[in-house]
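For reference, the structure discussed in these notes is given below.
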Amino acid sequence: MSVVEGPVIAGKGLTKQFGEFVAVDGIDFQVEPGEAFGFLGPNGAGKTSTMRMIGCVSPISSGGLQVFGLDATTHGPEIRGRLGSVPQEDSLDTELTVYDNLLIYGRYFDLPRAEIKRRADELLEFMHLTDRRNDRVDPLSGGMKRRLTIARALVNQPEMLLLDEPTTGLDPQARHLLWERFYQLKRQGVTMVLTTHYMDEAEQLCDRLVIMDGGRIVAEGSPRELIARHSTREVVELRFPHGEARDAAVPKLSTTATRVEALPDRVLVYAHDGDEVAAMIDTHGIEVESMYPRRSTLEDVFLILTGRSLLED
Amino acid sequence: MPAITHAPVMRVLEREWVVWRRLWRGSVFSYVVAPVLYLAAMGLGLGDLVQKGTGDVAGVSYLDFVTPGLMAASAVMMAAGESLWPVMAGVKWMGTYHAAVSTPIESDDVYIGTLLWTGVRTLLSATIFLAIAAVLGGVPSLWGVAAIPAAVLGALAISAPMVAWAVTQESDGPFAVVMRIVVFPLFLFSGTFFPVSRLPDAIEWIAFLSPLWHAVELCRGATTGGAAGANTLGAVVLHVVVLGTWIAVGVYFGVRTFRRVLTQ
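Respectively, the protein sequence lines represent chains A and B. For reference, each letter of the first sequence is one residue, going 312 to 624 in this note's numbering. For reference, each letter of the second sequence is one residue, going 9 to 272 in this note's numbering.
Below is the structure:
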């Protein structure tokens, strides 16, 4: 692996426009070598457009973008040669075998066939696909296809892996297997950039992340920093038997809690200590159907910063 | 040394080769069986009737007349089909074009590589066709070998613009329409089965736009050794220039549509 001086990615005023529509609106960010960096945000926040610019498949509209210290506009093929790209859609040759997919992709990087064969055996082992090596891709499960797409992205031994919504549409078991593989890659020193709209994924995988909304970056930091800066330590989720009970409760809760968010289906009470909220509900005689105390998450940070939920469209 | 074998476009060709190597059995029919059936039905069956009825066509036997027509037509028809659905698979159904452009491969390489592969396949199918036709007695001249590059040129002339257009489509709905109202009439009315001079004057000019007609004329000039079809240097140059123009226009748009669709 070559030594990169300075940031692996540096975006400055990075903008992507499609006609009148501004998908990415002048964002500034840097990714350091070996880091796992995330773009967290709802659908349409500009995450994929940003990833496509970093991956040098989509030209930037304005601003500046350097990857590996090279200008993304003028060094596309060179940058792509050092990247591993996992797009949202698997884009596999479904009529061909698992191995042929790795062969074709490896040849796109002009790797010798013998070398591809050696790496393919390793990668299939790493991605638990060895016994499917000579099977056609089409009948494989969604999780297997995803693993093959990731194996394919590793065939050129990339210095950086771009993961666009890597576990969207997978069941929990398949997601956890992938997360575990990503940890291993990270330990090997591979820089990782990922987009996700799952706050648990961002918390699990990212050293540092930016929260995007409407093409802009609204917050930046480690998951823990973001929660500490924007939310409280604990949150109590309350559900009420009927609307009147809820409407009566909100003003009372607001007097003691740090923050109260009234959502359509529940009320979130942000407080340093969940037990205090429980005590307050008792002393005020507030009528609740259920009470669920938990730790603050990035989902709360997003809600506080934008007034909307991450999973809304 | 940066040899041609390391050119990115060669990697695109190689991908097509890997796909074809796995799936070639399905194309045996179109390569071998279809030519035999066409030549038997049109050249020998219908040809016998024509010969007895009207005698020679354009100065040669009907078998000699129709063989180069069928050769060019099968190359062009095969290229037309290959230029539509596989392109939709690359850009939408499987997304393999998108996979390619996330590597050092550029969108231009994908387009040109796709086109070159059509050339390679046509080279193979036209060679097989010519060999079968020669056995059946439809190729009186050794010049017939020149019909192979002529068929390839015709295939590229239809493929270049069609691939350029196909990549811009959102679904394969329009493809069947194009095959039915553009490609199939070309097949029938490009001098394949009868001289275009038999067409009404009002529509004869359409044949001159058809890449297939120019390919047919070149093939016919070759297989008949100049007894019919393009038999002067001027005619040969004209047909080659028209086919070359179709290719050039197709490539002009193709590199642009591929860039727009794959790297927006």
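For glycine and all other residues, C-beta sits at the position ideal for the given N, C-alpha and C.
C-beta neighbour in chain B for residue i, strict 8 Å
i: A:Arg634; result: The structure shown does not extend to residue 634 of chain A, since chain A spans only 312 to 624, so no value can be given for it.
i: A:Ser267; result: There is no way to answer for residue 267 of chain A, as the model of chain A reaches only from 312 to 624.
i: A:Thr405; result: yes
i: A:Arg418; result: yes
i: A:Asp411; result: yes
i: A:Ser369; result: yes
i: A:Leu414; result: yes
i: A:Ser396; result: yes
i: A:Pro388; result: yes
i: A:Tyr366; result: According to the sequence as given, residue 366 of chain A is Gly; it is not Tyr. For A:Gly366, the answer is yes, since a Cβ of chain B falls inside 8 Å of its Cβ.
i: A:Gly380; result: no
i: A:Gly392; result: yes
Inter-residue spacing [alpha-carbon to alpha-carbon] between residue i and residue j
i: A:Gly322; j: A:Leu403; result: 30 Å
i: A:Tyr419; j: A:Leu325; result: 28 Å
i: B:Gly121; j: B:Leu21; result: 5 Å
i: A:Ala425; j: B:Leu123; result: 28 Å
i: B:Ala243; j: A:Leu451; result: 55 Å
i: B:Tyr39; j: B:Arg268; result: 34 Å
i: B:Thr265; j: A:Thr385; result: 20 Å
i: A:Val561; j: A:Val578; result: 8 Å
i: B:Val36; j: B:Lys100; result: 27 Å
i: A:Gly387; j: B:Pro112; result: 7 Å
i: A:Val571; j: A:Arg519; result: 27 Å
i: B:Ala97; j: B:Asp180; result: 10 Å
i: A:Leu496; j: A:Ala485; result: 17 Å
i: B:Ala88; j: B:Ala238; result: 24 Å
Beta-carbon contacts of residue i that lie in its chain and below 6 Å, excluding the five residues immediately before and after
i: B:Ile287; result: Nothing in the structure corresponds to residue 287 of chain B, since chain B is present only between 9 and 272.
i: B:Leu131; result: Val160
i: A:Gln341; result: Pro318 and Ala321
i: A:Ser396; result: Gly366, Ala464 and Leu473
i: A:Thr569; result: Thr543, Tyr581 and Ala582
i: A:Gly375; result: Lys323
i: A:Thr441; result: Leu435
Integer-rounded CB distance, given that residue j should sit under 8 Å from residue i
i: A:Val409; j: B:Ser110; result: That pair is no contact at about 19 Å.
i: A:Tyr581; j: A:Val546; result: 6 Å
i: A:His595; j: A:Pro353; result: Rounded, the Cβ-Cβ distance is 35 Å, inconsistent with contact.
i: A:Met364; j: A:Lys327; result: 6 Å
i: A:Gly585; j: A:Pro604; result: 3 Å
i: A:Ala625; j: A:Leu472; result: Because residue 625 of chain A is not part of the residues shown, which for chain A are 312 to 624, the question remains open.
i: B:Val26; j: A:Leu422; result: At roughly 14 Å, the Cβ-Cβ gap does not stay under 8 Å, so B:Val26 and A:Leu422 are not in contact.
i: B:Val192; j: B:Leu207; result: At residue 192 of chain B the sequence reads Phe, which differs from the Val that was named. The Cβ separation is near 16 Å, so there is no contact.
i: A:Leu351; j: A:Ala539; result: At roughly 16 Å, the Cβ-Cβ gap does not stay under 8 Å, so A:Leu351 and A:Ala539 are not in contact.
i: B:Ala155; j: B:Pro94; result: Their Cβ separation, rounded to whole angstroms, is 26 Å, which puts B:Ala155 and B:Pro94 out of contact at 8 Å.
i: B:Ala174; j: B:Leu251; result: With a Cβ gap of about 20 Å, B:Ala174 and B:Leu251 do not count as contacting.
i: B:Gly152; j: B:Leu71; result: With a Cβ gap of about 13 Å, B:Gly152 and B:Leu71 do not count as contacting.
Same chain, Cβ closer than 8 Å to residue i, neighbours up to 5 away in sequence not counted
i: A:Glu587; result: Thr567
i: B:Glu90; result: Thr126, Arg129 and Ser167
i: B:Ser69; result: Gly55 and Gln59
i: B:Phe195; result: Ala81, Val84, Met85 and Leu220
i: B:Asp209; result: none
i: B:Thr271; result: Val109 and Ser115
i: B:Ile136; result: Tyr39, Val40 and Pro43
Minimum Cβ-Cβ distance from residue i to chain A less than 8 Å
i: B:Arg228; result: no
i: B:Arg23; result: yes
i: B:Ile140; result: no
i: B:Thr176; result: no
i: B:Arg19; result: yes
i: B:Thr200; result: no
i: B:His247; result: no
i: B:Ile113; result: yes
i: B:Thr265; result: no
i: B:Thr122; result: no
i: B:Thr75; result: no
i: B:His14; result: yes
i: B:Thr271; result: yes
Other residues of its chain near residue i: CB distance less than 7 Å, five sequence neighbours each side excluded
i: B:Ala42; result: Ser82
i: A:Phe493; result: Met503 and Leu516
i: A:Lys456; result: Asp401, Leu403 and Val448
i: A:Val335; result: Leu325, Thr326, Lys327, Gly357, Ser360, Thr361 and Gly526
i: B:Ala66; result: Phe73, Pro203 and Ala236
i: A:Leu616; result: Ile522, Val529, Ala530 and His541
i: A:Lys563; result: His595 and Ile597
- Scan the stretch 96 to 111 of chain B for residues whose Cβ lies nearer than 7 Å to a Cβ of chain A and list them as they occur along the chain. Met102, Gly103, Thr104, His106, Ala107, Ala108, Val109, Ser110 and Thr111
- Please name the residues in the stretch 334 to 363 of chain A whose beta-carbon is closer than 8 Å to at least one beta-carbon of chain B, in chain order. none
- Message: Which residues of the stretch 419 to 434 of chain A have a Cβ closer than 9 Å to any Cβ of chain B? Give them in chain order.
- Response: Tyr419, Phe420 and Asp421
- Can you give me, in chain order, the residues of the stretch 21 to 52 of chain B that have a beta carbon less than 7 Å from any beta carbon in chain A? Glu22, Arg23, Val26, Val27, Arg30 and Leu31
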